[in-house]
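As given, the protein sequences belong to chains C and E, one line each in that order.
Here the first sequence is numbered in the numbering used here, starting from 36 and rising by one per residue.
Here the second sequence is numbered in the numbering used here, starting from 36 and rising by one per residue.
Remarks on the structure that follows.
Protein chains: 2
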Amino acid sequence: MNYIIILAGGIGSRFWPLSRQMQPKQFLNLCSSKPMIDECLENISGLVGLDKVYVATNSLHGKKIGQCLNKFAIPRENILLEPQGKNTLAPIALLTQRIYSHDKKAKIIILPCDHFVADKGRFIKKLKRGLKLTDNGYILTLGFTPKRPETGYGYIKAGLGRRDYYLVDKFVEKPDIKTARRYLKDKRYYWNAGIFIFRADAFLDELKVIKPQVYRIIANIKNENGMRRYWKGLPNISIDYAIMEKTKKAALLPADYGWIDLGSWQAIEEIAKKDRSGNILRGRCLDLGSRNILSWSDDRLVATVGLKDIIIVDTKDALLVCAKDKAQEVKKLVCRLKQGNYERQI
Amino acid sequence: MNYIIILAGGIGSRFWPLSRQMQPKQFLNLCSSKPMIDECLENISGLVGLDKVYVATNSLHGKKIGQCLNKFAIPRENILLEPQGKNTLAPIALLTQRIYSHDKKAKIIILPCDHFVADKGRFIKKLKRGLKLTDNGYILTLGFTPKRPETGYGYIKAGLGRRDYYLVDKFVEKPDIKTARRYLKDKRYYWNAGIFIFRADAFLDELKVIKPQVYRIIANIKNENGMRRYWKGLPNISIDYAIMEKTKKAALLPADYGWIDLGSWQAIEEIAKKDRSGNILRGRCLDLGSRNILSWSDDRLVATVGLKDIIIVDTKDALLVCAKDKAQEVKKLVCRLKQGNYERQI
Chain C
36 MNYIIILAGG IGSRFWPLSR QMQPKQFLNL CSSKPMIDEC LENISGLVGL
86 DKVYVATNSL HGKKIGQCLN KFAIPRENIL LEPQGKNTLA PIALLTQRIY
136 SHDKKAKIII LPCDHFVADK GRFIKKLKRG LKLTDNGYIL TLGFTPKRPE
186 TGYGYIKAGL GRRDYYLVDK FVEKPDIKTA RRYLKDKRYY WNAGIFIFRA
236 DAFLDELKVI KPQVYRIIAN IKNENGMRRY WKGLPNISID YAIMEKTKKA
286 ALLPADYGWI DLGSWQAIEE IAKKDRSGNI LRGRCLDLGS RNILSWSDDR
336 LVATVGLKDI IIVDTKDALL VCAKDKAQEV KKLVCRLKQG NYERQI
Chain E
36 MNYIIILAGG IGSRFWPLSR QMQPKQFLNL CSSKPMIDEC LENISGLVGL
86 DKVYVATNSL HGKKIGQCLN KFAIPRENIL LEPQGKNTLA PIALLTQRIY
136 SHDKKAKIII LPCDHFVADK GRFIKKLKRG LKLTDNGYIL TLGFTPKRPE
186 TGYGYIKAGL GRRDYYLVDK FVEKPDIKTA RRYLKDKRYY WNAGIFIFRA
236 DAFLDELKVI KPQVYRIIAN IKNENGMRRY WKGLPNISID YAIMEKTKKA
286 ALLPADYGWI DLGSWQAIEE IAKKDRSGNI LRGRCLDLGS RNILSWSDDR
336 LVATVGLKDI IIVDTKDALL VCAKDKAQEV KKLVCRLKQG NYERQI
């Protein structure tokens, strides 16, 4: 059978001040009138039964995610509440093992919940194709053709070509701008979207060889009690770094369904409608002569004059004004809130 | 005797959102911990007795100015409450006539209340020198040596030189940037600060000849009743345009006591202390890598990232984010508030 594991663990602090520790990005209406987690679940409807959908999230947000998943009738036991965030390997390994324990032929899609999908039809088609390809034992990763010299994503370099996919030559970390420009010209580099498709047994075989300690720990986590006892011993590491960069089974499936990673405020401009001056004004906004700004008001009047390439996000107790090309730095800013005695705004 | 007329009529809408219709600029603590009107009155203390200080303001702000002037023991009858704003000629003419009616030898200083004075000693000295010069019947105007190609001020061109003053060649309106650059190089141009010094009789003589209708109307305004009846008939015109540009008695007294016209948010940066990156951060502000910004928070957390030459003013119910070189446009923005259904924020 086919399964989907949705990764909904992070805070998305780059969306501060809208995102907060107790109101992470997946519950925000960033792309539409619906929370991102709802969008994500609607996107995959029809691909697998809802009892085959698993969700990993931080235990801080257990209640919120529970309410949300109730709407979609996803079984409560399909939710993994992580006592601490451990990056992606730990939840993927644990849920894969759990699925495998009752379905030895399980095929699994790993899907981060914070992606915007422009063309749902092509998205579903691509995932189906991926599921099919796992028959060969590949651990597939989706790759998107770069559209700009993006320094915020990791890249995958395609190796030997097969029919409509490639063996992976290598994974590369977030590049500097010069390198990113080179990748853009070179046709062999793809954006790494963090979407994986594999047969549970193929993944677990690799895990056993490459990360035997992780394999042993997750085998011990059989219930809440095991979770409390052993979770903390799992390494804080991504599946990319731990498995994908090391396995020989990695394959790259190019995709082009209009994928947008909602990584920072800057991503909103790829989705939202702009006025003739390139501005996105949401809420009670009044502008005089600005260009290419994002002005986002929760409630108060936000008046802007003569700005260019600026992001403004206004909430009840905190305001962000940020240069567009510095949108990635918002994460750093949130770290500073602690030092600056602004705990209530975190 | 010597008198001072303080002009405290405007709203100062360029300081929106801090300035509001019912909270005009003169009551704001822009330069220090004190309201500007208090600063102004402290600056002139010692120059004339407080019973010789007159204040013209809009009747909307009568109560507020009354409370303020109580502190300084200025007689209530010295306050002119204008039923409608009429620019500067009307209040100056009316108060000059009122002073003249009981003191035929009165000398008067006209002082806008929204100026920052860096060197109080030199300021007083210069005004005293001006009072002395009025013996010759001049209508004096103070002129400041331009420090930048300012397009927000009017200019005065000096004519024939006398000892430490000049006859006025001409007054010129706010120039475009090219002209302003030329004025900056040409040593004969001075900034027009709207500060005038004259003998009451000399001014009234000129008024009688140049604006006989105004002269007749103010002669009719002898009490509250006359005010209600005749004020509305006075023209909406500045003293510069109505009298100074036409009289042959105009003289220019150069001054250099560190005068700053608090005309817009941009002026604050000439006064306020900056950090090493040239930023002025007031209130609960947290910055990451910005340069030359003004971030002004009434209460909420204002977080800024990577900005340059931006003004941010955050108040309870409205926020302004403005390019520094567009600070003059804030006035236009306030006009737009009406159209945009933001009456409560005006």
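Even for Gly, the Cβ is constructed at its ideal location relative to N, Cα and C.
These figures come from a predicted structure and were not determined experimentally.
In chain order, what residues of the same chain lie with their CB nearer than 6 angstroms to the CB of residue i, ignoring the 5 residues before and after it?
i	result
E/I109	L85 and V88
C/F50	K60
C/Y265	I252, N255 and I256
E/L336	R319
E/L355	P52 and V348
Between the Cα of residue i and the Cα atoms of the options, which residue gives the shortest distance?
i	options	result
C/A302	C/D149, C/N271 and C/K160	C/D149
C/G45	C/K367, C/L95 and C/L82	C/L95
E/K257	E/F107, E/A128, E/L104 and E/I143	E/A128
E/P70	E/F151, E/A235 and E/L195	E/F151
C/W300	C/Y292, C/G120, C/L329 and C/A286	C/L329
C/I159	C/E280, C/A353, C/G81 and C/E259	C/G81
C/E280	C/D138, C/I245 and C/S312	C/I245
E/I191	E/R223, E/D73, E/K161 and E/P118	E/R223
C/V203	C/V90, C/P210 and C/G194	C/G194
C/R111	C/Q102, C/K283 and C/E364	C/Q102
E/Y200	E/D334, E/R216, E/I174 and E/I212	E/I174
C/S312	C/V340, C/P210 and C/A286	C/V340
Give the interface partners of residue i over in chain C, defined as CB-CB distance under 8 angstroms, in chain order.
i	result
E/G341	C357, A358, D360, K361 and E364
E/R371	L321 and L323
Show which residues of chain E have a CB atom less than 9 angstroms away from the CB atom of residue i.
i	result
C/R197	What C/R197 touches in chain E: nothing, since even the nearest Cβ is about 44 angstroms away.
C/D333	The contacting residues do not exist; C/D333 stays about 11 angstroms from chain E at best.
C/I212	Those within 9 angstroms of C/I212 in chain E number zero; the least Cβ separation is about 15 angstroms.
Pull up the distance between the alpha-carbon of residue i and that of residue j, whole angstroms please.
i	j	result
E/K243	E/L368	39 angstroms
C/I278	C/L219	26 angstroms
C/G261	C/N255	7 angstroms
C/I381	E/W294	43 angstroms
E/F206	C/L63	59 angstroms
C/A362	C/T214	20 angstroms
C/D349	C/I134	43 angstroms
E/N93	E/L323	42 angstroms
C/K99	C/N105	10 angstroms
C/G172	C/A237	6 angstroms
E/D138	E/L342	57 angstroms
E/D221	C/R183	50 angstroms
C/A353	C/R371	14 angstroms
E/C66	E/K308	11 angstroms
C/S68	C/T176	30 angstroms
E/G189	E/D296	12 angstroms
E/S332	E/G187	26 angstroms
C/C75	C/G196	31 angstroms
E/R326	E/E305	15 angstroms
Excluding the 5 residues preceding and the 5 following residue i in the sequence, name in chain order all residues of the same chain whose CB lies nearer than 7 angstroms to its CB.
i	result
E/P59	G45, I46, G47 and H96
E/A358	D344 and I345
C/N78	V152, K155 and F158
C/S407	This structure does not reach residue 407 of chain C, given that chain C is present from 36 up to 381, and the question cannot be answered.
C/L116	T92, S94 and G97
Along chain C, in chain order, which residues have C-beta atoms closer than 7 angstroms to that of residue i?
i	result
E/K367	L323
E/D352	R335 and L336
E/D303	The sequence shown places Ile at residue 303 of chain E, not Asp. The contacting residues do not exist; E/I303 stays about 16 angstroms from chain C at best.
Who are the Cβ neighbours of residue i in its own chain at under 8 angstroms, not counting the five residues just before and after it?
i	result
C/L166	N37, K142, I144 and I232
E/D310	L316
E/F179	Y225, W226, A228, P289, A290, D291 and W294
In the DSSP assignment, what residue or residues form a beta bridge with residue i?
i	result
E/H150	E/D296
C/L116	C/T92
C/A43	C/T92
C/Y224	C/K192
C/L354	C/D349 and E/V337
E/I143	E/Y38 and E/F233
C/P289	C/G178
C/D360	Partner(s): none; C/D360 has no beta bridge.
E/Y218	Answer by DSSP bridge pairing: none, since E/Y218 is not bridged.
E/V207	E/Y190
E/Q58	E/R55
Starting from the beta carbon of residue i, find every residue of chain E whose beta carbon is closer than 7 angstroms, and list them in chain order.
i	result
C/L183	Reading the sequence as shown, one finds Arg at residue 183 of chain C and not Leu. Result: empty, since nearest Cβ-Cβ is about 19 angstroms, beyond 7 angstroms.
C/G5	Past the boundaries of the shown model lies residue 5 of chain C; chain C is included only from 36 to 381, so the question cannot be answered.
C/Q380	L336
So with CB distances below 9 angstroms, who are the chain C contacts of residue i?
i	result
E/Q119	Correct list: empty, because the minimum Cβ distance to chain C is about 27 angstroms.
I want to check one thing, is the minimum distance from the CB of residue i to the heavy atoms of the ligand MN below 7 angstroms?
i	result
E/I303	Inclusion of the ligand MN in the displayed structure is not the case, the ligand content being empty and no account of it being possible.
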